[in-house]
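Input: a single structure, listed below in structure tokens.
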Amino acid sequence: MCRFLDLHNTNEFNGVPPHNYVSFFGMRGHDVLMGLLVTEIIYVHSKLMIIDDRMAICGSANINDRSLLGQRDSEFCVVINDREEEDGVFNRQKVRVGKFCGSWRRRLF
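First residue of the sequence shown: 1, per full-length UniProt numbering; consecutive thereafter.
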């Protein structure tokens, strides 16, 4: 997160401000324990990458060999290869895109 703050204080990356593609979220849990109010931040360590509206990677795995090869970190990740296609536009060019991945990106962003 510290690197994001450095990035956030800089100018845009290729004309796109960092807050358009990097987000941080947390969840707070609370309860009463032995008559006292207790609270805890729940940090959800997850990532999502949608590639060309055709493939998506979603989970806690970092996008590196250490997480994705499955031999070191205990991370979980789902890879989605879209099989259904529809017409789309990238860089003003008509292309075929994945129906699910494309709709997911549009709903999120």
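Don't be surprised by glycine CBs; every beta carbon is placed ideally from N, CA and C.
Beta-bridge pairing by DSSP links Leu48 to Cys58.
Between Ser103 and Cys77, the C-beta gap is not smaller than 9 Å, which leaves the two residues out of contact. With a 10 Å radius around the Cβ and a threshold of 16 neighbouring Cβ atoms, Asp53 comes out buried.
Looking at the DSSP output, Gln93 bridges to Phe90. As the crow flies, the alpha-carbon of Ile42 is around 5 Å from that of Met27. Only residues of its own chain outside the window of five on either side were considered, and among them Arg28, Gly29, His30 have a CB closer than 8 Å to the CB of Glu40, listed in chain order. Rounded to the nearest angstrom, the Cβ distance from Lys99 to Glu85 is 6 Å, consistent with a contact under 8 Å. Non-local C-beta neighbours of Arg105 in its own chain, meaning closer than 7 Å and more than five positions away in sequence, comprise Ile50, Asp53, ordered along the chain.
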